[in-house]
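**Student:** This is the structure, below, for whatever I ask next.
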């Protein structure tokens, strides 16, 4: 998505979507899943495409040193408006696209690199995944949340768009809830991309299951139920078969001790494709 597109959607996204039950569930569930894998504070966190800070500000509040990188000044302005004085010293803003993250942070390496809800707006995941892996320090965590390509037929079916649902079994793209085209990935493919770039997949979770499909089915969710809904979603996200039915998934990996350049040289000698240099 272009910066102009995000500028037009900033209010709807930052002030509307995250205030819903679904938005609150996303923040809570991802936060709990992250804390199971992140090193303790004050570890450094880079949030690539971090928008208005809904995911990284709770980490700053927990004591982490957060750098929020986003290509949209409108979204960064939203983040600055939401930034409270108690976490201000632990938050840095960087205006840049994720595909140029390494250059934008001047080669700094982070204990954790987050990229949540971004890959689906790109034609191909590889360039951004390259940057996420490069920006992670040896032993650092890479965290990606993106759409689940294995469940593309569920939304149109729940909306009773039966022809679209039939076509969606083989699809990886759709027009998303913000009205713009989006693309989905699979846990298997993204795990391979991380492995090729020296990041070992650790675990993966579902994020939205019941809350997402209920909304597309026309149910009205009461914000007063958000805490109970989040508890159910958190449990479903770590169990099979439930997590496999989630609309989005959360994949975490840990970077090895060898630099990517060394991994690339080794793989080139054996004919294996790795991150571009």
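In the numbering used here, the protein residues as written are 3 to 279. Beta carbons: idealized from backbone N, C-alpha and C, even for Gly.
1. Please report the residue range of the alpha helix (DSSP H) in which residue 33 lies.
2. Is there at least one Cβ from chain B nearer than 8 Å to residue 82's Cβ?
3. Mapping DSSP to helix, strand and coil, what is residue 145?
4. Could you tell me if residue 158 is buried or exposed, where buried requires 16 or more neighbouring beta carbons within 10 angstroms of its beta carbon?
5. DSSP state of residue 179, grouped into three classes?
6. Could you tell me the distance, in whole angstroms, from the CA atom of residue 95 to the CA atom of residue 84?
7. Is residue 212 near the ligand HEM - that is, is its Cβ less than 7 Å away from at least one heavy atom of it?
8. Quick check on residue 107: does DSSP put it in helix, strand or coil?
9. Could you please give me the residues that DSSP links to residue 218 through a beta bridge?
10. Helix, strand or coil: which one does DSSP assign to residue 118?
11. In the DSSP assignment, find the alpha helix (DSSP H) that holds residue 194 and state where it starts and stops.
12. Which whole-angstrom value describes the C-beta separation of residue 185 and residue 135, a residue pair presumed to lie in contact below a C-beta threshold of 8 Å?
13. Measure the CB-CB distance between residue 30 and residue 44 and report whether it falls below 8 Å.
14. How is residue 64 classed by DSSP in three states: helix, strand or coil?
15. Here's the rule I'm using: 16 or more other beta-carbon atoms within 10 Å means buried, otherwise exposed. How should residue 210 be labelled?
16. Where do the ends of the beta strand (DSSP E) carrying residue 48 lie?
17. Which stretch, first to last residue, makes up the alpha helix (DSSP H) that contains residue 203?
18. In three-state terms, what does DSSP make of residue 280?
19. Write down the C-beta distance between residue 75 and residue 97 rounded to the nearest angstrom, noting that I regard them as a contact closer than 8 Å.
20. Is residue 105 buried or exposed, if buried means 16 or more other CB atoms sit within 10 Å of its CB?
21. Taking DSSP as the reference, what is the three-state secondary structure of residue 246?
**Tutor:** Let's see:
1. Stepping through the chain shown from its first residue, residue 33 is reached at position 31. Residue range 23-37 is occupied by the alpha helix (DSSP H) that includes residue 33.
2. In the displayed structure, chain B is absent; only one protein chain is listed.
3. By 1-based counting over the chain shown, the position of residue 145 is 143. It is a strand residue.
4. As a working mapping, residue 158 is identified with position 156 in the chain shown. Taking all protein chains shown into account, residue 158 has 16 or more neighbouring C-beta atoms within 10 Å of its C-beta and is therefore buried.
5. Stepping through the chain shown from its first residue, residue 179 is reached at position 177. In the structure shown, residue 179 sits in coil (DSSP, three-state: anything other than H, G, I, E or B).
6. Along the chain shown, read from residue 1 onward, the residue named residue 95 stands at position 93. Along the chain shown, read from residue 1 onward, the residue named residue 84 stands at position 82. So the alpha carbons of these two residues sit roughly 13 Å apart.
7. Inclusion of the ligand HEM in the displayed structure is not the case, the ligand content being empty and no account of it being possible.
8. For the purposes of this step, residue 107 is taken as the residue at position 105 of the chain shown. Here residue 107 sits in coil by DSSP.
9. Against the chain shown, residue 218 aligns to sequence position 216. Looking at the DSSP assignment, residue 218 forms no beta bridge with any residue, so it has no partner.
10. Counting from one through the chain shown, the residue named residue 118 turns up at place 116. Strand at residue 118.
11. Numbered from its first residue, the chain shown carries residue 194 at position 192. Note, residue 194: alpha helix (DSSP H), 189-198.
12. Residue 185 sits at position 183 when you count from the first residue of the chain shown. Residue 135 sits at position 133 when you count from the first residue of the chain shown. A Cβ-Cβ separation of about 20 Å leaves residue 185 out of contact with residue 135 under the 8 Å criterion.
13. The residue labelled residue 30 in the question sits at position 28 within the chain shown. The residue labelled residue 44 in the question sits at position 42 within the chain shown. The criterion of a C-beta distance shorter than 8 Å is not satisfied by residue 30 and residue 44.
14. For this step, residue 64 is matched to residue 62 along the chain shown. Coil.
15. Position 208 of the chain shown, counted from the start, is the residue given in the question as residue 210. Counting Cβ neighbours within 10 Å, residue 210 comes out buried, since at least 16 surround it.
16. Against the chain shown, residue 48 aligns to sequence position 46. Counting along the chain, the beta strand (DSSP E) containing residue 48 begins and ends at 46-50.
17. Taking the chain shown and counting its residues from 1, one reaches residue 203 at position 201. Counting along the chain, residue 203 falls outside any alpha helix (DSSP H), though it belongs to the beta strand (DSSP E) covering 201-210.
18. Residue 280 lies beyond the residue range present for the chain, which begins at 3 and ends at 279; the question has no answer from this structure.
19. Position 73 of the chain shown, counted from the start, is the residue given in the question as residue 75. Position 95 of the chain shown, counted from the start, is the residue given in the question as residue 97. Yes, they are in contact, since the Cβ atoms of residue 75 and residue 97 sit about 6 Å apart, within 8 Å.
20. The residue you call residue 105 lines up with position 103 of the chain shown. Exposed.
21. Along the chain shown, read from residue 1 onward, the residue named residue 246 stands at position 244. In the three-state reduction of the DSSP assignment, residue 246 falls in the helix class.
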